[in-house]
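*Asks:* The structure under discussion is supplied below as structure tokens; questions concerning it will follow.
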Amino acid sequence: MGTYEVTWNLDSIFQGGSESVELKDYVIKTERLMDDLEASIRQFTPPKNTDQTEDLRKIVEVMQVVTKQLSEFGAFVSCLSAQNVHDKKASMWQSKRSEMGARLGNALTEMDQVFVQVDDDVWKSLINQAPFKEISFVLNERRSLAKDKLEVGKESLINDLGVDGYHAWGQMYDALVAKLSIELNGEKLSVGQASNQLDHPDRSVRKEAFDKLQETWGEASDLFTETLNHLSGFRLQTYKHRRWENVLKEPLDYNRMSEKTLDAMWETITEYKKHYVPYLKKKAERLGLEQLSFYDVEAPLGEADQKMSFQEGAEFIIQQFRKFSPKMADFAEMAFEKRWIEAEDRPGKQPGGFCTSFPDSGETRIFMTYSGSPSSVATLAHELGHAYHQHVMNELPELNQGYAMNVAETASTFAEMIVADAAVKEAVTEAERLVLLEDKVQRSVAFFMNIHARFLFETRFYDERKQGVVSTERLNELMTEAQQEAYVQTLDEYDPTFWASKLHFHITDVPFYNFPYTFGYLFSMGIYAKALEVGPAFEDRYISLLQDTGKMTVEELAKKHLDVDLEKKDFWVHALELCLSDLESFMDLV
């Protein structure tokens with residue numbers, strides 16, 4: 001096992017970064033394919049019987065190639081922007097990606113309307129034939145969703161106007177964040193670097209970082225009020241014209257999930273939160289405080305010597321993956337060796353972390369800022385779980401690789417759980433075990449309280465946004481109220497500007513970029529319990545589950561692979577009881 005570098009290699013995708021000639025040629029090639037796709041769709045007429053399918057077969061084939069290449073281009077640009085927020089050429093490429101995305105969206109909208117025009121009986125016969133049978137779930141889904149939208153000309157207009165009237169607001173948010181910096185201890189840090197100090201063992205460091213971040217986000221909050229109000233306004237106007245009354249329709253459709261499932265999950269979590277109140281009080285006591293503040297919730301209980309170097313963290317993850325799944329361990333080792341991971345702590349990077357896939361190259365890339373804490377090791381494992389999910393999907397048709405965020409978070413959280421659980425079991429001292437157990441409990445608090453606060457805020461924000469623009473002061477109030485409710489009034493200080501600092505509220509791909517995390521966490525609990533029950537034989541079953549994520553609803557997925565009903569509370573109660581076992585172990589230890 002060699003030494004792993006903390007910076008990634010993007011040259012294996014396109015050499016030369018944002019100035020890449022290879023990238024330019026690739027984009028030109030993709031645009032030509034887009035021309036062919038648009039022309040084919042315009043000339044296409046709905047088949048009257050199942051013998052007239054050759055033109056449709058060609059359209060679906062080219063559409064999958066264009067989708068794959070556009071994803072490749074988009075992923076590369078995302079990586080460029082993340083590694084250097086000052087890369088102006090990358091911002092230009094981002095705009096180009098948005099334009100091409102709108103073009104593809106228009107083409108697919110036209111194609112979907114063609115699907116709608118096909119007679120129901122002809123359609124049913126058609127999708128049971130090769131080559132459509134294998135991708136029938138997605139084709140049926142596209143046809144069904146198209147029936148809920150406007151006629152093709154209006155939908156195309158929405159896509160076109162969205163480039164500068166919708167997605168541009170998300171890009172503006174990124175540009176504004178890139179200009180922010182914070183001075184801590186005489187050092188100029190990006191907001192991402194400063195945020196890493198919020199889990200520092202020294203409370204004075206945490207408080208200083210929190211106060212400086214509040215000041216910085218507060219000073220810029222009027223600008224972020226503009227970006228958030230305008231992108232949400234565009235969404236609401238789109239929903240209004242489509243006659244969509246429920247703002248959850250889009251995220252639920254995107255996540256292939258019913259509202260009954262979402263309600264069952266949040267209702268069960270709300271009932272179980274009372275079990276975490278004594279933990280938060282005990283943590284305050286251990287930290288020598290009367291009551292926790294928002295910046296204390298993720299504070300470590302151990303000393304700084306609990307840190308792992310990037311090399312140590314990588315080796316530990318590979319070792320623990322191997323006990324569960326040799327295939328997943330081999331993949332993780334390859335990702336480290338091929339430098340698919342950007343983890344360096346340096347200025348100029350975006351805050352946060354992500355995993356993105358390059359479907360044309362069959363590669364993935366992971367972006368994060370590694371600090372060496374147990375939480376940082378868990379994040380690295382989490383992103384590797386995402387990467388492995390895509391890895392096992394690479395052999396499938398492009399249309400069947402489109403799995404939603406909630407099941408994507410299932411794979412990542414499952415990988416994170418393997419590592420976290422192993423770390424607790426292998427702890428040498430009681431003090432070390434306490435730190436690692438508490439890190440696991442912290443994650444439950446994050447999913448049940450922090451994420452819930454985001455969901456409550458966004459739900460209430462959209463209700464008020466329907467009546468008009470929401471002011472900065474009101475956004476702060478909504479955020480504070482949501483956090484107070486989600487944390488069961490247990491904290492003495494909250495984070496009113498969280499709505500400005502959290503990128504997820506400003507992402508334009510899909511709204512409500514929150515509840516899928518909690519779903520993934522609890523769903524992965526059920527998978528993990530099944531894996532422990534079945535043993536090594538579960539590896540192939542797990543791969544099969546992941547490969548089904550692009551062609552099933554989550555309710556169908558759960559029924560097939562776990563034999564459970566997600567619309568009933570029983571599953572969620574069982575998953576939460578598994579979480580409570582860690583909580584009880586921690587409380588016993590302290």
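At the far end of the sequence shown sits residue 590, using full-length UniProt numbering, and the numbering has no gaps. Glycine included, C-beta positions come from ideal geometry on N, C-alpha and C.
Could you give the uninterrupted runs of the beta strand (DSSP E) lying entirely in the segment 158-231, keeping only those of 3 residues or more?
*Replies:* Taking only runs of at least 3 residues, the beta strand (DSSP E) segments lying wholly in the segment 158-231 are 181-184 and 187-190.
*Asks:* To the nearest whole angstrom, what separates the beta carbons of T227 and H506, a pair I think is in contact under 8 Å?
*Replies:* Locating residue 227 in the sequence shown gives position 227, where the first residue counts as 1. Locating residue 506 in the sequence shown gives position 506, where the first residue counts as 1. Contact holds; Cβ gap of about 6 Å.
*Asks:* So for F367, helix, strand or coil by DSSP?
*Replies:* What you label residue 367 is simply residue 367 of the sequence shown in a count that begins at 1. Strand at F367.
*Asks:* Would you please state the rounded distance, in angstroms, between the beta carbons of V122 and K48? I believe it to be under 8 Å.
*Replies:* Against the sequence shown, residue 122 aligns to sequence position 122. Against the sequence shown, residue 48 aligns to sequence position 48. Contact flag correct, Cβ pair sits at about 7 Å.
*Asks:* Considering only the alpha carbon of each residue, which of Q129, N229 and L289 lies closest to R203?
*Replies:* Working through the sequence shown from its first residue, we reach residue 203 at position 203. When only C-alpha atoms are compared, the closest one is L289.
*Asks:* Hey, is the segment 546-566 in contact with the segment 392-412, meaning 3+ C-beta pairs nearer than 8 Å?
*Replies:* They touch, by the three-pair rule.
*Asks:* In the DSSP output, what is E342 paired with across the bridge?
*Replies:* Here the question's residue 342 lines up with position 342 in the sequence shown. Paired residue(s): F367.
*Asks:* From the DSSP output, in three-state form, read off T508 for me.
*Replies:* Start at 1 with the first residue of the sequence shown, and residue 508 comes out as number 508. Reduced to three states, the DSSP call for T508 is coil.
*Asks:* Might you give, ordered along the chain, the residues of its own chain that have their beta carbon closer than 6 Å to the beta carbon of G218, omitting 5 neighbours on each side?
*Replies:* Reading the sequence shown from its first residue, position 218 is the one you call residue 218. Once the five neighbours on either side are set aside, the close Cβ partners of G218 are T497.
*Asks:* Taking DSSP as the reference, what is the three-state secondary structure of S357?
*Replies:* Counting from one through the sequence shown, the residue named residue 357 turns up at place 357. Strand at S357.
*Asks:* Quick one: residues in its chain with C-beta nearer than 6 Å to the C-beta of V6, no 5 flanking neighbours on either side, listed in chain order?
*Replies:* Within the sequence shown, residue 6 is the residue found at index 6, counting from 1. These residues qualify, in order along the chain: F310, A343 and E344.
*Asks:* Am I right that T356 and R365 are in contact with their C-beta atoms under 8 Å? What's the rounded C-beta distance?
*Replies:* On the sequence shown, residue 356 is found 356 positions in, with the first residue counted as 1. On the sequence shown, residue 365 is found 365 positions in, with the first residue counted as 1. That pair is a contact at about 6 Å.
*Asks:* From residue 613 to D55, what distance separates their C-alpha atoms?
*Replies:* Nothing about residue 613 can be read from this structure; the chain reaches only from 1 to 590.
*Asks:* Rounded to whole angstroms, what is the Cα-Cα separation between R474 and E215?
*Replies:* Position 474 of the sequence shown, counting from 1, holds the residue named residue 474. Position 215 of the sequence shown, counting from 1, holds the residue named residue 215. If I take the Cα positions, the gap works out to 17 Å.
*Asks:* Just curious, the alpha helix (DSSP H) that G313 is in, first and last residue?
*Replies:* Translated into the one-based positions of the sequence shown, residue 313 becomes position 313. G313 -> alpha helix (DSSP H) spans F310 to F324.
*Asks:* Only counting runs of 4 or more residues, tell me where the alpha helix (DSSP H) segments fall wholly within the segment 39-111, in order along the chain.
*Replies:* For the segment 39-111, whole alpha helix (DSSP H) runs of length 4 or above, ordered along the chain, are 54-83.
*Asks:* Between Q578 and M525, is the Cβ-Cβ spacing less than 8 Å?
*Replies:* For the purposes of this step, residue 578 is taken as residue 578 along the sequence shown, with counting starting at 1. For the purposes of this step, residue 525 is taken as residue 525 along the sequence shown, with counting starting at 1. Correcting the residue type first, residue 578 is Leu in the shown sequence and not Gln. A contact, by the Cβ cut-off of 8 Å.
*Asks:* Going by C-alpha distance, which of L236, A299 and N229 is nearest R206?
*Replies:* Mapped onto the sequence shown, residue 206 falls at position 206. Closest by alpha carbon: A299.
*Asks:* Report the CB separation of S18 from A90 in whole angstroms; it is logged as a contact under 8 Å.
*Replies:* Walking along the sequence shown from the start, residue 18 turns up at place 18. Walking along the sequence shown from the start, residue 90 turns up at place 90. Sure, about 5 Å apart at Cβ, within 8 Å.
*Asks:* Here's a check: name, in chain order, each residue in its chain whose Cβ is nearer than 6 Å to the Cβ of A420, leaving out the five neighbours to either side.
*Replies:* Here residue 420 corresponds to residue number 420 of the sequence shown, with the count starting at 1. If we look at A420 and ignore the five residues flanking it on each side, its Cβ neighbours are A378 and K440.
*Asks:* So, Q483 versus D495, is the Cβ gap smaller than 8 Å?
*Replies:* By 1-based counting over the sequence shown, the position of residue 483 is 483. By 1-based counting over the sequence shown, the position of residue 495 is 495. It is a contact, given that the beta carbons lie within the stated cut-off.
*Asks:* Do the CB positions of A453 and A486 come within less than 8 Å of each other?
*Replies:* The residue you call residue 453 lines up with position 453 of the sequence shown. The residue you call residue 486 lines up with position 486 of the sequence shown. In contact: A453 and A486 (Cβ atoms closer than 8 Å).
*Asks:* Checking 8 Å against the spacing of the C-beta atoms, do S293 and E493 come in under that value?
*Replies:* Your numbering for residue 293 matches position 293 in the sequence shown. Your numbering for residue 493 matches position 493 in the sequence shown. The answer is yes: Cβ separation under 8 Å.
*Asks:* Just checking my contact of S376 with Y370 at CB under 8 Å: how many whole Å lie between their CB atoms?
*Replies:* In the sequence shown, residue 376 corresponds to position 376, counting from 1. In the sequence shown, residue 370 corresponds to position 370, counting from 1. Right, their Cβ atoms sit about 5 Å apart.
*Asks:* Rounded to a whole number of angstroms, what is the C-alpha to C-alpha distance between W33 and V62?
*Replies:* Position 33 of the sequence shown, counted from the start, is the residue given in the question as residue 33. Position 62 of the sequence shown, counted from the start, is the residue given in the question as residue 62. The amino acid occupying residue 33 in the given sequence is Leu; Trp does not appear at that position. The alpha-carbon atoms of L33 and V62 are separated by roughly 7 Å.
*Asks:* Taking the alpha-carbon positions, what's the M100 to A75 distance?
*Replies:* One-based indexing of the sequence shown puts residue 100 at position 100. One-based indexing of the sequence shown puts residue 75 at position 75. Cα to Cα, M100 sits roughly 14 Å from A75.
*Asks:* Excluding sequence positions up to five away, which residues of its chain have a Cβ less than 8 Å from the Cβ of E555?
*Replies:* Counted from its first residue, the sequence shown places residue 555 at position 555. Excluding residues within five positions, the ones whose Cβ falls inside 8 Å are M257, S258, T261, D565, L566 and E567.
*Asks:* Is W8 closer than 8 Å to I527 when the C-beta atoms are compared?
*Replies:* Residue numbering aside, residue 527 sits at position 527 when the sequence shown is read from its first letter. Residue numbering aside, residue 8 sits at position 8 when the sequence shown is read from its first letter. No, the Cβ-Cβ distance between I527 and W8 is not below 8 Å.
*Asks:* Quick one: what does DSSP say R460 is sitting in, helix, strand or coil?
*Replies:* On the sequence shown, residue 460 is found 460 positions in, with the first residue counted as 1. The answer is helix: DSSP assigns R460 an H, G or I state.
*Asks:* At 3 residues or longer, and completely inside the segment 428-496: list those beta strand (DSSP E) runs for me, N to C.
*Replies:* Correct list: empty.
*Asks:* What residue from G16, E72 and I59 has the CA that sits closest to K29's CA?
*Replies:* In the sequence shown, counting from the first residue as 1, residue 29 sits at position 29. For K29, the nearest C-alpha among the options comes from E72.
*Asks:* Within 10 angstroms of its Cβ, does Q237 collect 16 or more other Cβ (buried), or is it exposed?
*Replies:* If you number the sequence shown from 1, residue 237 lands on position 237. Its Cβ having fewer than 16 others within 10 Å, Q237 is exposed.
*Asks:* Within a Cβ cutoff of 7 Å, which residues of the same chain sit near R57, ignoring the five residues on either side of it in sequence?
*Replies:* Mapped onto the sequence shown, residue 57 falls at position 57. Taken in chain order, the residues that qualify are P131.
*Asks:* Is F586 buried or exposed, if buried means 16 or more other CB atoms sit within 10 Å of its CB?
*Replies:* On the sequence shown, residue 586 is found 586 positions in, with the first residue counted as 1. Its Cβ being crowded by 16 or more others within 10 Å, F586 is buried.
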